[in-house]
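Numbering (the numbering used here), first residue to last: 1 to 398. Each residue gets a CB set at the ideal place from its N, CA and C atoms; glycine is no exception. Remember, predicted model here, so these are calculated numbers, not experimental data. The structure appears right after this line, and notes come after that.
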């Protein structure tokens, strides 16, 4: 069956024309629709709308603020679900310290409020309402105990109430919140004017690229010689995403129904979020030693040369590994010491050589984890992983 697959990234768009993959650097002076027409009109003319499948990561993801009554369960569970839904966490607030919290300056796409288990008295009061008055948010959802619902529902307009994400045995219940957040992410993508125009090419739903890549992972062994457990790091212009086997999750209470989950780091992109990547690098205690190891100095972080882009790509790999390691408590901690394979995809495959990649992996494992052995590294040079995911979604929908 004829099928044209298109992936719209923040810096490149890719086409898979019945197995022939092409990549195009985006022209930011014109719309994505016009850019596709200019470069791919002959390809597009060969397909009917129902034969065209499109995914996109061009929106860069959504942002969330999470307010929870406990750090061990409320905040940790909601954080895990938000990341796995492609949502970027701007801040987390422990409710007992909400008096000290400063409202984010930026607009928040969704606020998540989490209570404790059912049967426990609600902790929420007027302090929450006072704080939220200073937050510029578009959506708010409550996923806590029944005891807290009445107060929040009476005092917060347009509140969405979903199933408590913590069951009576302290296990995670992710399905309702994950579906809600995924739908918000989807609505944001299709709500962008540039993306809406793409429905002129397809009659199929347009999906987020991180979701598509995650759906490709069960079939990854058909493309590469990967060994479980493995991770896929997708470094793009706006975000860096990490997709991982749930075998790597140490906390069994937050295991999900899928064999793979994902985290999306909005502030680790190399082009659109370059400033935040540089800020994150400068704030890391190991980065200056890493730069010395790479044979460059810190001035490269403020440069715009090709060499600087190589260094930023390397730093993105290091920072995402660091942030999911047991050295960093704000994200899901992965057991990287048992990792067998690392697969790299996205813009990194066009910028870094095998030697550039090996240097970073070697530094991380020897310096941060104190391991001599490193996982097998595979680079998706032809950027094929996303095509597997679209094919999987297409087959399921038939």
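Work out the CA separation of residue 174 and residue 387 for me, nearest whole Å. 27 Å
Residue 47 versus residue 202: straight-line alpha-carbon distance, rounded: 9 Å
Apart from the five residues just before and just after residue 164, which ones in its own chain have a Cβ nearer than 8 Å to its Cβ? 115, 117, 118, 143, 144, 145, 146, 173
Look up residue 382 in the DSSP assignment and say whether it is helix, strand or coil. coil
Look at the alpha carbon of residue 363 and the alpha carbon of residue 224, and state the distance between them as a whole number of angstroms. 24 Å
Within the same chain, show all residues whose beta-carbon is closer than 8 Å to that of residue 339, passing over the 5 residues directly before and after it, in chain order. 229, 230, 231, 248, 375
Any idea what DSSP makes of residue 369, helix, strand or coil? coil
In whole angstroms, what separates the C-alpha of residue 76 from that of residue 133? 25 Å
Helix or strand or just coil, what does DSSP make of residue 309? helix
I'd like to know if residue 172 contacts chain C, where contact means its C-beta is closer than 8 Å to some C-beta of that chain. No chain C appears in the structure shown, which is made up of a single protein chain.
Assuming residue 281 and residue 294 are in contact, meaning their beta carbons sit under 8 Å apart, how far apart are those beta carbons, in whole angstroms? Going by Cβ atoms, the distance from residue 281 to residue 294 rounds to 12 Å, so no, they are not a contact pair.
Can you name the residues that DSSP bridges to residue 17? 4, 20
Under a three-way DSSP split, which group does residue 207 fall into? strand
In the structure shown, what three-state DSSP assignment does residue 387 receive? helix
Contact check, residue 385 vs residue 220 under 8 Å by CB: the rounded distance? 7 Å
Just the C-alpha distance for residue 283 and residue 37, rounded to the nearest angstrom, thanks. 43 Å
Cβ atoms of residue 32 and residue 67: under 8 Å apart, would you say? no
If residue 315 and residue 325 are in contact, beta carbons under 8 Å, what's the gap, nearest whole angstrom? 15 Å between Cβ atoms; not a contact.
Residue 109 lies in the beta strand (DSSP E); which residues open and close that run? 108-114
What are the boundary residues of the alpha helix (DSSP H) that includes residue 247? Element bounds for residue 247: n/a, residue is neither H nor E.
Give me the Cβ distance between residue 361 and residue 377, rounded to the nearest whole Å; I'm assuming they're in contact under 8 Å. 6 Å
By alpha-carbon positions, which one of 52, 380, 332, 318 ends up nearest to residue 226? 380
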